[in-house]
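Undergrad:
Residue numbers (the UniProt record's numbering): 1 to 637.
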């Protein structure tokens, strides 16, 4: 069933057309990735679909009463409530139903017959509806989602206004997931999330009951969550069935086919034009030439296939080879001012290794890189470089750029003996051309600074590169170019990255950093996840086996001790009951004697009541005595 449709949408700004003739359809449970070059208008298209902006032409229609939530890149959360209180507000109607059910339960004790039957029937219907809407699980849902987004119980009473911008964006997404709208429209939902939280969100969205439309630069995330990819161009929205990786394959195949058709048509046109030119003037062939000319006029000429954007041409090369041993890190403790983040770290890097460093936020991944290059002192252990190792470093903070330099000056000042034409060519390869080279570093975007740093690094010709989050700020096209360049690099790599797709393509090994040290995995990111899961499963199985063995070893002893303890307990209870029965016999005898000695009616009534009470106690005690006596006989057998 179609829940949203956009027909022939156009959006322009100051007369410049961003895109036009865009048609989109969203069905129930669709998982759609919206991709396209930077500046293609992906975020703008999302705003048109959710009604935040209006198209210059075309229209968007939705099914009646469609519930929709939209997460913008800069979504903020303004509320006077506390975190848990705000999440609880999502279920106000459900909580009111819960209150009504409690009132109905209390009323059941005060009505009877037909009124009770009707009340019970109404209660059953409302209770079933309450259950269907998640009435018995909403509190656990809140806990699960808040914990998933790293809002643990210690934060639940925090006022929302005290949260950071990133925390507010995460909380906005958490609230949307609790609301469970029929359509979720998410613009860069993985911003402000660490790998662990992104993985949690992936698993949640895979099972989400509604439809999804997502814009994201996280290709691994798109691979896990989406099943349809829409490629936005200025003139069309091309639909591909499959996740992001499948889209890349299908688009390459499509462009290759279009290129072949274009070349074939071009040859056909050249041949027809040549025939007309050679034969139009000759009487014997002029009719055939005229026929070919009409054929030429009828041909619908194909446009030359284009990737639409100019891609960078990044390359990295080592000027001289290193020895086989590149770096050895032994029993290393890393941190700041004696505060240890991880210890001990073991690392043996060999020539041509490409090792990704992973681990939770704040564990010291960047600290490890900075410690290796000498920016931060090593707390304990040893770091030793191999023979002929020349290292280069990419700093994710981009602090090694000079703000007042122009783009051209930034590279030329670092390599003053290199001819200007070579500097310009290198900058051109990293997409700085024409007037771009005259821009000052201070006015560059994050992506432009990243490309400038990489261009600078590429000119150093080192044989060992240490890269700290090199894909931050890069668009998908630039990420793919960088990946290819590093795959072709003839040196050794050690890098930190949160981009799991990037790790999968580039890394040959993964080292995980934790408080208790490091663990090396001999494969890419998917291999690391698989092996880590296997190790955790093995550890759990070992713990179960160990606990079972301990239990078996102690079981006979504990059983024997428990039996002896139970027998002593039963013997004491039997003795107590025998004493109680003797006391009751004496009291009953006394009451019976008093009854024979009085003629007062009220006294007789009181004594009779006492006699009945003591007789009942006697009967109960005797029954209990018989049960315990049988149990003791069973133990003794």
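We treat Cβ as the ideally placed atom computed from N, Cα and C, and that holds for glycine. Here the structure is a predicted model, which is why all the values come from computation and not from measurement.
Pick from 371, 630, 513 and 538: whose alpha carbon is nearest that of residue 362?
TA: As a position in the chain shown, residue 362 is number 362, starting the count at 1. Ranking 371, 630, 513 and 538 by Cα distance to residue 362 puts 513 first.
Undergrad: Do residue 326 and residue 382 have their C-beta atoms closer together than 9 Å?
TA: One-based indexing of the chain shown puts residue 326 at position 326. One-based indexing of the chain shown puts residue 382 at position 382. Cβ atoms of residue 326 and residue 382: not closer than 9 Å.
Undergrad: Would you check if the distance between the CB atom of residue 567 and the CB atom of residue 621 is smaller than 9 Å?
TA: Taking the chain shown and counting its residues from 1, one reaches residue 567 at position 567. Taking the chain shown and counting its residues from 1, one reaches residue 621 at position 621. No, the pair does not count as a contact, with Cβ atoms beyond the cut-off.
Undergrad: Label residue 422 either buried or exposed according to how many other C-beta atoms from any shown protein chain fall within 10 Å of its C-beta, with 16 as the threshold for buried.
TA: Here residue 422 refers to the residue found at position 422 when the chain shown is read from its first residue. Residue 422 comes out exposed.
Undergrad: Do residue 202 and residue 225 come within 9 Å of each other at the CB atom, strictly closer than that value?
TA: If you number the chain shown from 1, residue 225 lands on position 225. If you number the chain shown from 1, residue 202 lands on position 202. Against a cut-off of 9 Å, the Cβ pair of residue 202 and residue 225 comes out as a contact.
Undergrad: Per DSSP, residue 676 is paired with what?
TA: The displayed coordinates of the chain run from 1 to 637. Any statement about residue 676 would go beyond what the structure contains.
Undergrad: Give the range of the alpha helix (DSSP H) segment to which residue 323 is assigned.
TA: Residue 323 sits at position 323 when you count from the first residue of the chain shown. Careful: residue 323 lies outside any alpha helix (DSSP H) and carries neither H nor E.
Undergrad: Using the Cα positions of residue 305 and residue 411, report the straight-line distance between them to the nearest angstrom.
TA: Against the chain shown, residue 305 aligns to sequence position 305. Against the chain shown, residue 411 aligns to sequence position 411. So the two alpha carbons sit approximately 35 Å from each other.
Undergrad: Between the alpha carbons of residue 502 and residue 340, how many angstroms are there, rounded?
TA: Here residue 502 refers to the residue found at position 502 of the chain shown. Here residue 340 refers to the residue found at position 340 of the chain shown. Approximately 29 Å between the Cα atoms of the pair.
Undergrad: Which parts of the segment 49-117 are runs of the alpha helix (DSSP H), unbroken and 4 residues or longer, counting only runs that do not cross its ends?
TA: Correct list: 83-88 and 92-107.
Undergrad: Count the other CB atoms within 10 Å of the CB of residue 673; is the residue buried (16 or more) or exposed (fewer)?
TA: A question about residue 673 goes unanswered here, because the residues of the chain that appear run from 1 up to 637.
Undergrad: What are the complete alpha helix (DSSP H) segments, minimum 4 residues, inside the segment 338-385?
TA: Counting only runs of 4 or more, we get 365-373.
Undergrad: Please state the DSSP three-state secondary structure of residue 668.
TA: Outside the shown range of the chain (1 to 637) lies residue 668, about which nothing can therefore be said.
Undergrad: Tell me which residues share the same chain as residue 48 and place their Cβ nearer than 8 Å to its Cβ, disregarding the 5 neighbours each side in the sequence.
TA: Position 48 of the chain shown, counted from the start, is the residue given in the question as residue 48. Counting only Cβ-Cβ distances below 8 Å, and skipping sequence neighbours, we find 6, 9, 11, 54, 55 and 60.
Undergrad: Tell me where the beta strand (DSSP E) around residue 240 begins and ends.
TA: As a working mapping, residue 240 is identified with position 240 in the chain shown. Looking at the DSSP string, the run of the beta strand (DSSP E) that includes residue 240 is 237-241.
Undergrad: Just reading off the beta strand (DSSP E) that residue 211 is part of, what are its end residues?
TA: Sequence index remark: in the chain shown, residue 211 carries index 211 (1-based). Its beta strand (DSSP E) spans residues 211-215.
Undergrad: State whether the segment 572-580 contacts the segment 613-632, with contact taken as three or more CB pairs (one from each stretch) at a distance under 8 Å.
TA: Yes: the two stretches touch, three or more of their Cβ pairs being nearer than 8 Å.
Undergrad: Is residue 96 buried or exposed, if buried means 16 or more other CB atoms sit within 10 Å of its CB?
TA: In the chain shown, the residue the question calls residue 96 occupies position 96. It is exposed - the Cβ of residue 96 has fewer than 16 other Cβ atoms within 10 Å.
Undergrad: Between the beta-carbon of residue 215 and the beta-carbon of residue 479, is there less than 9 Å?
TA: Residue 215 sits at position 215 when you count from the first residue of the chain shown. Residue 479 sits at position 479 when you count from the first residue of the chain shown. Result no, Cβ atoms of residue 215 and residue 479 do not sit closer than 9 Å.
Undergrad: Closer than 8 Å by C-beta to residue 108: which residues in its own chain qualify, once you throw out the five before and the five after it? Chain order, please.
TA: The residue you call residue 108 lines up with position 108 of the chain shown. Around residue 108: 116, 119, 120 and 123.
Undergrad: For my contact list, residue 145 and residue 174 are in at a C-beta cut-off of 8 Å; report their separation, rounded to the angstrom.
TA: As a first step, residue 145 is located in the chain shown; it is residue number 145 there, counting from the start. As a first step, residue 174 is located in the chain shown; it is residue number 174 there, counting from the start. Yes, they are in contact, since the Cβ atoms of residue 145 and residue 174 sit about 5 Å apart, within 8 Å.
Undergrad: Looking only at DSSP bridge pairs, what is residue 7 linked to?
TA: Reading the chain shown from its first residue, position 7 is the one you call residue 7. Answer by DSSP bridge pairing, in chain order: 59.
Undergrad: Near residue 384, what residues of its chain come up, given a Cβ to Cβ distance below 6 Å and the 5 sequence neighbours on each side ignored?
TA: Taking the first residue of the chain shown as 1, we reach residue 384 at position 384. Cβ neighbours of residue 384 beyond the five flanking positions: 328.
Undergrad: Taking contact to mean 3 or more Cβ pairs, one atom from each stretch, closer than 8 Å, check whether the segment 486-493 and the segment 522-531 are in contact.
TA: The answer is no - the segment 522-531 does not touch the segment 486-493, with fewer than three Cβ pairs under 8 Å.
Undergrad: Considering only their Cβ atoms, is the gap separating residue 323 from residue 235 smaller than 9 Å?
TA: Position 235 of the chain shown holds residue 235. Position 323 of the chain shown holds residue 323. It is not a contact, given that the beta carbons lie outside the stated cut-off.
Undergrad: Please indicate yes or no: does the CB of residue 210 lie closer than 8 Å to some heavy atom of the ligand FAD?
TA: You won't find the ligand FAD in this model; it holds no ligand whatsoever.
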